[in-house]
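A.B. asks:
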Amino acid sequence: MEKVVVPGEFLGTIEEYVPGQNVIEVNGKIYASLYGILHFDDKHMTINIKPLTNLPIIRVGEVVYGVVSELYNDFALVTIVAIEGVEREIVGGKQDGIIHVSKISDRYVDEVGKMFRIGDIVRAKVIRSKPSIQLTTAEPALGVIKGLCMKCRSPMVKMDNYLFCERCNRKETRKISSLYGNIKIKVKNIP
Ligand SMILES: [Zn+2]
124 MEKVVVPGEF
134 LGTIEEYVPG
144 QNVIEVNGKI
154 YASLYGILHF
164 DDKHMTINIK
174 PLTNLPIIRV
184 GEVVYGVVSE
194 LYNDFALVTI
204 VAIEGVEREI
214 VGGKQDGIIH
224 VSKISDRYVD
234 EVGKMFRIGD
244 IVRAKVIRSK
254 PSIQLTTAEP
264 ALGVIKGLCM
274 KCRSPMVKMD
284 NYLFCERCNR
294 KETRKISSLY
304 GNIKIKVKNI
314 P
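With the sequence shown counted from 1, adding 123 to any position gets you the working numbering.
1. With a threshold of 7 Å (Cβ to nearest heavy atom), would K166 be considered close to ligand 1?
2. Any idea if G159 is buried or exposed, counting beta-carbon neighbours within 10 angstroms, 16 or more meaning buried?
3. May I ask you to verify whether the segment 125 to 133 touches the segment 155 to 171, counting CB pairs closer than 8 Å and requiring at least 3?
4. According to DSSP, simplified to helix, strand and coil, what is S225?
5. Who pairs with R293 in a beta bridge, going by DSSP?
6. Which class does V141 belong to by DSSP, given the choice of helix, strand or coil?
7. Nearest-angstrom Cα distance between N292 and K274?
8. Quick check: does the Cβ of R92 come within less than 7 Å of any heavy atom belonging to ligand 1?
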């Protein structure tokens, strides 16, 4: 019996299962990170999703989670891995969203690379879905929710208006979400 799941669909808890391929873990709960077929490996107690190709639908106004994958002068490219809210209709597989430099913050941003770094996990809102997915982080609760130190790749802690690596004793700037540190999210299998 095959069950098709959609991104953001609740699959179980980490007490029950081990997160496997193409799932994400948020606060101990496991969700599908893409559209595909649910596979439960009862030998290892892992949950995996086997990807299906499909026509993606992500709607304007939705809040998504993504990983910053590329930085350009004018925009950051984000690989969307989950949509906030678990009850979902048909949504798409893993896909990219764009955060334009003018949509990063309410304040003027002169350089995308000062606000995001590759590998950061961001919480962003969809402002356009066609022809490409455009995202904004220009709200207090939007922005980076987990940032890794550029030097040692450890997760950093939020200080007043910057992130701090306790290992390297190092400050870095970001567009930081007010929810930084309050959302536990583990993203797997990001290319
Ligand atoms: Zn460091």
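Ideal Cβ placement from N, Cα and C applies to all residues, glycine included.
C.D. replies: In brief:
1. In the sequence shown, residue 166 corresponds to position 43, counting from 1. No - ligand 1 has no heavy atom lying nearer than 7 Å to the Cβ of K166.
2. As a working mapping, residue 159 is identified with position 36 in the sequence shown. Buried, because 16 or more other Cβ atoms sit within 10 Å of the Cβ of G159.
3. yes
4. Translated into positions along the sequence shown, residue 225 becomes position 102. Looking at S225 - three-state DSSP - the assignment turns out to be helix.
5. Numbered from 1 along the sequence shown, position 170 holds the residue referred to as residue 293. Answer is C288, bridged to R293.
6. What you label residue 141 is simply residue 18 of the sequence shown in a count that begins at 1. Correct three-state label for V141: strand.
7. Start at 1 with the first residue of the sequence shown, and residue 292 comes out as number 169. Start at 1 with the first residue of the sequence shown, and residue 274 comes out as number 151. The alpha-carbon atoms of N292 and K274 are separated by roughly 11 Å.
8. Lying before the first or after the last residue shown, residue 92 is absent from the chain, which here runs from 124 to 314.
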